[in-house]
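Protein sequence lines, in the order shown, are assigned to chains V and H. Our numbering numbers the first residue of the first sequence as 15 and each following residue consecutively. Our numbering numbers the first residue of the second sequence as 301 and each following residue consecutively. See structure below.
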Amino acid sequence: DAGITQSPRHKVTETGTPVTLRCHQTENHRYMYWYRQDPGHGLRLIHYSYGVKDTDKGEVSDGYSVSRSKTEDFLLTLESATSSQTSVYFCAISGTLSTDTQYFGPGTRLTVL
Amino acid sequence: AQSVTQLDSHVSVSEGTPVLLRCNYSSSYSPSLFWYVQHPNKGLQLLLKYTSAATLVKGINGFEAEFKKSETSFHLTKPSAHMSDAAEYFCVVSANQGAQKLVFGQGTRLTINP
Chain V
15 DAGITQSPRH KVTETGTPVT LRCHQTENHR YMYWYRQDPG HGLRLIHYSY
65 GVKDTDKGEV SDGYSVSRSK TEDFLLTLES ATSSQTSVYF CAISGTLSTD
115 TQYFGPGTRL TVL
Chain H
301 AQSVTQLDSH VSVSEGTPVL LRCNYSSSYS PSLFWYVQHP NKGLQLLLKY
351 TSAATLVKGI NGFEAEFKKS ETSFHLTKPS AHMSDAAEYF CVVSANQGAQ
401 KLVFGQGTRL TINP
């Protein structure tokens with residue numbers, strides 16, 4: 015998985031609780047991304063980062079926030095989890111060229127009850 | 301804006317027969333196009349990518365795809381299916397503009413019959 019780890023790999027939580035997912039890379043890539051995968055939708059971009067402390071919204075950013083204080087770590091936070099945020103979350107990394115390949119982490123399966 | 305349509309949600313072929321997974325795209329810019337594969341309960345692996353070089357792109361495991369601008373298509377093919385090819389396949393488009401915001405198709409599940 016190109017030096018990308020995600021933690022936790024599985025999590026079950028209750029509606030209204032905060033949740034933070036972590037993505038860690040050892041490749042020193044500038045760009046990092048968070049996606050969610052739902053049946054029938056492929057993957058959809060939540061947020062991305064183009065450097066330390068530099069982030070921007072993706073297609074489905076409502077209800078999510080992110081932070082990047084170090085090159086290697088990109089955190090995704092659900093401030094108050096809802097059942098609609100039950101999904102599989104993937105982190106990805108890439109270089110600076112728009113034609114560079116994105117490499118994906120192993121995913122985190124989140125269930126919100 | 302970019303969009304991708306995978307024309308089949310499920311394709312079933314017999315082992316040893318050809319595979320064709322169809323993908324049409326829309327892009328306001330000259331696009332980069334990718335095919336990713338996802339095996340059950342696994343992450344995504346890049347099969348191949350087109351980035352405005354040769355229109356016929358060869359990837360891993362015997363897969364290839366042809367970029368046809370006039371048809372806005374990027375179909376994935378393999379001459380002979382193997383049982384290990386059973387997986388979900390995603391066609392992906394990215395505008396060659398700034399940050400690499402990938403737009404995924406809905407996916408095609410490939411089943412291989414013995």
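Yeah, the Cβ is synthetic: ideal placement off N, Cα and C, and Gly gets one too.
Whole-angstrom C-beta distance between residue j and residue i, which should lie under 8 Å
i: L59 (chain V); j: Y47 (chain V); result: 6 Å
i: H24 (chain V); j: R123 (chain V); result: 5 Å
i: P120 (chain V); j: G343 (chain H); result: 5 Å
i: H310 (chain H); j: T408 (chain H); result: 7 Å
i: L320 (chain H); j: F334 (chain H); result: No, L320 (chain H) and F334 (chain H) are not in contact; Cβ-Cβ is about 18 Å, not under 8 Å.
i: L113 (chain V); j: T355 (chain H); result: One detail in the question is off: residue 113 (chain V) reads as Thr in this sequence, not Leu. No, T113 (chain V) and T355 (chain H) are not in contact; Cβ-Cβ is about 15 Å, not under 8 Å.
Interface residues of chain V facing residue i [CB-CB closer than 8 Å]
i: G405 (chain H); result: G56
i: G343 (chain H); result: D15, F104, F118, G119, P120 and G121
i: L410 (chain H); result: Ordered by position in chain V, no residue passes the 8 Å Cβ test against L410 (chain H), which lies about 15 Å from the chain.
Bridge partners - residue i, DSSP secondary structure assignment
i: Y117 (chain V); result: V:I107
i: Y45 (chain V); result: V:S108
i: N413 (chain H); result: H:S314
i: S326 (chain H); result: H:S303
i: S81 (chain V); result: V:L89
i: T408 (chain H); result: H:Y389
i: I18 (chain V); result: V:Q39
i: Q345 (chain H); result: H:V337
i: Q51 (chain V); result: V:L57 and V:V102
i: T34 (chain V); result: V:T91
8 Å Cβ cut-off: residues of chain H touching residue i
i: L124 (chain V); result: Per Cβ cutoff of 8 Å: no residues; L124 (chain V) is ~15 Å from chain H at best.
i: S108 (chain V); result: Q400
Residues that residue i contacts on chain H, provided the C-beta gap is smaller than 7 Å
i: Q116 (chain V); result: Q400 and L402
Exposure of residue i, with buried meaning 16 or more beta-carbon neighbours within 10 Å
i: T378 (chain H); result: At residue 378 (chain H) the sequence reads Lys, which differs from the Thr that was named. Burial call: buried.
i: P22 (chain V); result: exposed
CB contact below 9 Å: residue i versus chain H
i: F104 (chain V); result: yes
i: G72 (chain V); result: yes
i: L59 (chain V); result: yes
i: Y45 (chain V); result: yes
i: Y78 (chain V); result: no
Beta carbon proximity, residue i to chain V, threshold 9 Å
i: F390 (chain H); result: yes
i: Y336 (chain H); result: yes
i: V304 (chain H); result: yes
Cross-chain neighbours of residue i in chain V, by beta carbon under 7 Å
i: L346 (chain H); result: T115
Closer than 9 Å to chain B by CB, residue i
i: V403 (chain H); result: The structure shown contains no chain B; its protein chains are V and H.
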